[in-house]
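Number of protein chains: 2
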Amino acid sequence: MKSGPTIQDIAAEAGVSKSTVSLVLQESPRIKAETAEKVREAARKLGYVYNRGAATLRGRRSTTIGMVINDLTNPFFVELLVAIERVLAQSGYTTLMAHTAENLETQTRVLRSMREQNVAGLIMSPALGTSDDLPAEIQSWGIPLVLVMRPMGADVDTVGVDNEYGFALATEHLIEQGHTRIAFAGNRKGYAVANQRRQGYLSAMAKHSLSVNDDWIIDVELTPEGGRKAVRAIFEMKPRPTAVVCYNDQVAIGVLHELDRMGKRAGKALAVVGCDNVVAAEHTNPPLTTLFAGADKLGTIASETLLARLSETQEDEKPAVQYFAVPALVVRESSVGADATTSAATKKQALVAGER
Amino acid sequence: MKSGPTIQDIAAEAGVSKSTVSLVLQESPRIKAETAEKVREAARKLGYVYNRGAATLRGRRSTTIGMVINDLTNPFFVELLVAIERVLAQSGYTTLMAHTAENLETQTRVLRSMREQNVAGLIMSPALGTSDDLPAEIQSWGIPLVLVMRPMGADVDTVGVDNEYGFALATEHLIEQGHTRIAFAGNRKGYAVANQRRQGYLSAMAKHSLSVNDDWIIDVELTPEGGRKAVRAIFEMKPRPTAVVCYNDQVAIGVLHELDRMGKRAGKALAVVGCDNVVAAEHTNPPLTTLFAGADKLGTIASETLLARLSETQEDEKPAVQYFAVPALVVRESSVGADATTSAATKKQALVAGER
DNA sequence: CTGAAAGCGCTTACAG
DNA sequence: CTGAAAGCGCTTACAG
Numbered sequence: 005m006k007s008g009p010t011i012q013d014i015a016a017e018a019g020v021s022k023s024t025v026s027l028v029l030q031e032s033p034r035i036k037a038e039t040a041e042k043v044r045e046a047a048r049k050l051g052y053v054y055n056r057g058a059a060t061l062r063g064r065r066s067t068t069i070g071m072v073i074n075d076l077t078n079p080f081f082v083e084l085l086v087a088i089e090r091v092l093a094q095s096g097y098t099t100l101m102a103h104t105a106e107n108l109e110t111q112t113r114v115l116r117s118m119r120e121q122n123v124a125g126l127i128m129s130p131a132l133g134t135s136d137d138l139p140a141e142i143q144s145w146g147i148p149l150v151l152v153m154r155p156m157g158a159d160v161d162t163v164g165v166d167n168e169y170g171f172a173l174a175t176e177h178l179i180e181q182g183h184t185r186i187a188f189a190g191n192r193k194g195y196a197v198a199n200q201r202r203q204g205y206l207s208a209m210a211k212h213s214l215s216v217n218d219d220w221i222i223d224v225e226l227t228p229e230g231g232r233k234a235v236r237a238i239f240e241m242k243p244r245p246t247a248v249v250c251y252n253d254q255v256a257i258g259v260l261h262e263l264d265r266m267g268k269r270a271g272k273a274l275a276v277v278g279c280d281n282v283v284a285a286e287h288t289n290p291p292l293t294t295l296f297a298g299a300d301k302l303g304t305i306a307s308e309t310l311l312a313r314l315s316e317t318q319e320d321e322k323p324a325v326q327y328f329a330v331p332a333l334v335v336r337e338s339s340v341g342a343d344a345t346t347s348a349a350t351k352k353q354a355l356v357a358g359e360r
Numbered sequence: 005m006k007s008g009p010t011i012q013d014i015a016a017e018a019g020v021s022k023s024t025v026s027l028v029l030q031e032s033p034r035i036k037a038e039t040a041e042k043v044r045e046a047a048r049k050l051g052y053v054y055n056r057g058a059a060t061l062r063g064r065r066s067t068t069i070g071m072v073i074n075d076l077t078n079p080f081f082v083e084l085l086v087a088i089e090r091v092l093a094q095s096g097y098t099t100l101m102a103h104t105a106e107n108l109e110t111q112t113r114v115l116r117s118m119r120e121q122n123v124a125g126l127i128m129s130p131a132l133g134t135s136d137d138l139p140a141e142i143q144s145w146g147i148p149l150v151l152v153m154r155p156m157g158a159d160v161d162t163v164g165v166d167n168e169y170g171f172a173l174a175t176e177h178l179i180e181q182g183h184t185r186i187a188f189a190g191n192r193k194g195y196a197v198a199n200q201r202r203q204g205y206l207s208a209m210a211k212h213s214l215s216v217n218d219d220w221i222i223d224v225e226l227t228p229e230g231g232r233k234a235v236r237a238i239f240e241m242k243p244r245p246t247a248v249v250c251y252n253d254q255v256a257i258g259v260l261h262e263l264d265r266m267g268k269r270a271g272k273a274l275a276v277v278g279c280d281n282v283v284a285a286e287h288t289n290p291p292l293t294t295l296f297a298g299a300d301k302l303g304t305i306a307s308e309t310l311l312a313r314l315s316e317t318q319e320d321e322k323p324a325v326q327y328f329a330v331p332a333l334v335v336r337e338s339s340v341g342a343d344a345t346t347s348a349a350t351k352k353q354a355l356v357a358g359e360r
């Protein structure tokens with residue numbers, strides 16, 4: 005921690021006051037071009053490094069944004085994080101990252117730390133079981149908050165996905181393929197997003213007058229292991245479902261794997277649909293049909309929502325943003341078998357392209 | 005950005021000086037327990053939030069660590085990041101995250117930003133093509149640096165993997181299975197880690213007096229797409245290799261997928277070995293044999309190396325750490341076919357367990 | 001055991 | 001167009 009030259013040193017070197025140096029560093033038009041150049045030259049010569057912390061302390065405006073993520077083992081959230089970091093960096097903000105691993109105590113600790121670090125704003129995907137009061141509490145700290153993926157009420161900026169629509173779409177796709185007994189894997193009780201997804205599934209079934217057995221709605225962990233359990237459960241039912249809508253791609257990957265282990269193939273023995281279109285979904289065997297909402301786009305919108313909030317003044321404060329992306333279905337072999345895949349995939353890929 | 009109470013306010017509330025408040029917050033034993041309790045009570049009452057930035061400015065000691073990652077689309081680096089963030093958080097440090105996506109300009113920008121943020125130390129996995137001078141430059145800034153996964157000389161702290169040993173191990177495993185024509189997929193030219201991995205492969209082949217055709221060493225992108233290209237190349241060779249060692253799991257996943265698309269199965273048509281043991285490797289079809297070095301352990305060691313560096317004084321400065329983990333092979337179906345998998349996997353899993 | 005004072009490196013009215 | 005001065009919220013010798 006050796007401390008380099010300060011604006012004071014530059015001022016001495018350039019023969020001006022430190023006020024002038026500060027103004028030059030901020031590219032203020034109030035300083036004559038000639039003087040400005042002299043100052044910049046001195047800064048270069050001394051190897052000056054701007055001290056953002058000091059500026060934040062004095063100017064009362066921070067340029068770091070906190071990003072709190074619940075589950076980085078899910079590649080969808082990684083894509084989201086990367087997009088957010090990229091957009092914020094472009095706007096001159098630095099990203100403070102923290103991972104909660106769905107642990108509420110970790111989340112509390114992390115939020116305190118971010119507050120102490122004086123973040124200008126927060127983007128957060130709350131851990132499961134987060135109290136409904138948390139968003140209001142964070143806002144009471146004076147820190148703008150954007151929630152991603154997991155909504156917690158209409159009065160806080162939220163960027164997510166229309167899960168109900170998406171899961172109805174996925175279910176209808178399976179119904180179109182002739183399936184009538186369709187399971188839902190990954191129904192975690194008391195979990196808002198799971199409720200939305202199940203609701204989408206149920207509404208599509210109801211719309212086509214298909215009945216749903218209670219045991220088709222399978223409550224398993226939202227991991228590959230959960231997917232494997234779901235397959236074992238399905239193959240013990242009789243008559244058994246011939247298709248399954250999975251909570252997300254992580255679950256679906258477990259489903260594909262367990263089928264493979266049983267010597268069966270997704271798309272033939274059991275039609276499978278996932279959600280998130282993670283990068284790996286294209287490379288599973290067989291490739292996975294899945295809902296696409298665009299982590300990159302969602303991350304961009306979340307960042308822009310926060311940036312807009314940061315630049316607004318007290319008076320022109322806008323109501324909370326509630327953005328829910330409409331997902332599209334990317335059809336691959338896991339839901340239609342090897343034969344139909346090419347044409348269907350091509351058709352739907354075009355649809356996806358049109359969406360963006 | 006509303007500013008809350010400061011130590012000044014607490015001092016007034018508690019009827020002491022701000023020096024005393026500061027000392028209490030630092031849990032100094034110099035303050036009487038009774039006074040300390042009075043101060044803490046006042047802080048609680050006023051909803052005080054510590055301003056770490058101000059402390060850093062005055063105390064000249066920062067508690068943020070910069071983490072620069074080259075490729076977060078590779079889950080191995082995500083595991084590494086998560087481990088590092090966890091260990092640093094436990095020691096009271098905050099992680100500033102940046103992603104370079106292998107882009108040198110982004111890396112330069114990001115490093116400047118971290119320097120302006122006054123990070124106490126840096127953990128970095130340098131982007132491809134990073135100049136050999138960079139570590140020395142960073143150290144000249146007075147910022148301790150730990151390199152992960154990509155070594156750049158003996159005079160900078162480095163935590164990585166013994167790639168040559170690992171790839172020899174992987175290659176020998178295939179030779180043991182009776183393969184004599186073995187390819188290497190993912191040989192990026194001029195890339196130090198790729199050189200090490202190729203060298204391990206070559207030395208195992210040489211040790212067993214097996215000749216290597218030039219075209220068996222396949223230069224493709226280090227992605228699933230690269231793996232697919234490698235498979236197409238292999239199946240055009242005659243006589244063609246019957247096994248392939250892949251640069252990493254990303255490449256191997258592409259190999260598995262292309263084989264599946266050709267109606268062939270890894271482990272039968274072509275034995276496949278990857279490297280990293282990413283979480284997904286367990287869930288591919290078929291499951292992937294791969295080298296395991298333990299991202300979690302590597303991340304922990306990298307963090308601890310940096311923390312040790314941060315707490316050392318000028319005099320007791322230790323020579324650069326050069327830690328290279330010895331990888332183990334996790335044998336799954338992709339290299340041995342369905343029959344042999346259970347027993348072999350069990351045996352080797354035990355080996356892996358013993359390693360930790 | 002506690003307090004008064006100086007100062008970390010900046011920014012921002014204000015004066016000229 | 002530029003400078004002198006005050007101050008952001010802390011920490012740290014130093015004095016008592």
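Respectively, the protein sequence lines represent chains U and H.
So in the working numbering the end of the first sequence lands on 360, straight run, no missing numbers.
So in the working numbering the end of the second sequence lands on 360, straight run, no missing numbers.
Yeah, the Cβ is synthetic: ideal placement off N, Cα and C, and Gly gets one too.
Only a predicted model underlies this, so the values are computations on that prediction, with no experimental measurement involved.
The straight-line gap separating the alpha-carbon atoms of lysine 268 of chain U and alanine 210 of chain U is approximately 29 Å. Separation of arginine 64 of chain U and lysine 322 of chain U (C-alpha to C-alpha, rounded to the nearest whole angstrom) is 23 Å. When the beta-carbon positions are compared, asparagine 289 of chain U and asparagine 289 of chain H come within less than 8 Å of each other. When the five nearest sequence neighbours on each side are left out, the beta carbons in the same chain lying within less than 6 Å of the beta carbon of histidine 212 of chain U are those of Ile179, in order along the chain. For chain H, the residues of the stretch 276-290 of chain U that bring a beta carbon within less than 8 Å of one of its beta carbons are Val283, Ala284, Glu286, His287, Thr288, Asn289 and Pro290, in chain order. Where glutamine 121 of chain H is concerned, there is no enclosing alpha helix (DSSP H), because DSSP gives it neither an H nor an E. By the CB criterion at 8 Å, valine 325 of chain U and aspartate 161 of chain U fall inside the cutoff. Among the residues facing chain H, alanine 37 of chain U is not included, as its CB has no counterpart in that chain under 8 Å away. Annotation: the stretch 214-277 of chain U contains the following complete segments of the beta strand (DSSP E) (minimum length 3 residues), in chain order: 247-250.
Of the candidates U/Glu31, U/Pro291, U/Tyr205 and U/Pro228, U/Tyr205 places its Cα closest to the Cα of isoleucine 221 of chain U.
Closest in alpha carbon position to valine 335 of chain H, among H/Thr304, H/Leu310 and H/Cys279, is H/Cys279. A straight-line Cα-Cα distance of about 44 Å links valine 20 of chain U and threonine 309 of chain H. The Cβ of methionine 101 of chain U sits closer than 8 Å to at least one Cβ of chain H. In chain order, Ala284, His287 and Thr288 make up the part of chain H whose C-beta sits under 9 Å from the C-beta of isoleucine 257 of chain U. DSSP, read as helix, strand or coil, puts glycine 70 of chain H in strand. Close CB contacts of aspartate 159 of chain H within its chain, under the 7 Å cut and outside five residues either way in sequence, are with Ala324 (chain order). Counting only unbroken stretches of 3 or more residues, the beta strand (DSSP E) elements lying wholly within the stretch 12-89 of chain U are 68-73, in sequence order. Closest in alpha carbon position to alanine 332 of chain H, among H/Ala270, H/Gln30, H/Thr175 and H/Val163, is H/Thr175. Counting only Cβ-Cβ distances below 7 Å, histidine 261 of chain U has contacts in chain H at His287 and Asn289, in chain order. For tyrosine 97 of chain U, no alpha helix (DSSP H) run applies, since DSSP gives it neither H nor E.
Chain-order list of chain H residues neighbouring alanine 58 of chain U: Leu61, by C-beta distance under 8 Å. Contact of asparagine 122 of chain H with chain U is assigned, a C-beta pair being separated by under 8 Å. Contact check for threonine 293 of chain U against valine 282 of chain U fails: the beta carbons are separated by 8 Å or more. For aspartate 300 of chain U, the enclosing alpha helix (DSSP H) starts and ends at 299-315. Of the other Cβ atoms in all chains shown, fewer than 16 fall within 10 Å of the Cβ of glycine 133 of chain H; this residue is therefore exposed. In the three-state reduction of the DSSP assignment, histidine 103 of chain U falls in the strand class, which pools E and B. Going by C-alpha positions, valine 224 of chain U is about 7 Å away from asparagine 191 of chain U. Taking C-beta separations shorter than 7 Å and ignoring five residues to either side along the sequence, the partners of valine 216 of chain H in its chain run Leu206 and Met209, following chain order. Here the alpha carbons of alanine 16 of chain U and leucine 84 of chain H stand approximately 45 Å from one another.
Taking C-beta atoms as the reference points, leucine 126 of chain H and glycine 57 of chain H fail to come closer than 8 Å. About 16 Å separates the Cβ atoms of isoleucine 147 of chain U and arginine 113 of chain U, ruling out a contact at the 8 Å cut-off. Judged by pairs of C-beta atoms under 8 Å, the stretch 33-48 of chain U does not touch the stretch 243-251 of chain U, as fewer than three such pairs exist. For leucine 138 of chain H, the uninterrupted alpha helix (DSSP H) run begins and ends at 138-144, by DSSP.
Short of 7 Å from the beta carbon of valine 235 of chain U, and not among the five residues preceding or following it, lie these beta carbons of its own chain, in chain order: Val259, Glu262 and Leu263. The beta carbon of tyrosine 251 of chain U sits no closer than 8 Å to any beta carbon of chain H. In this structure glycine 231 of chain U is buried. Its beta-carbon is surrounded by 16 or more other beta-carbon atoms within 10 angstroms.
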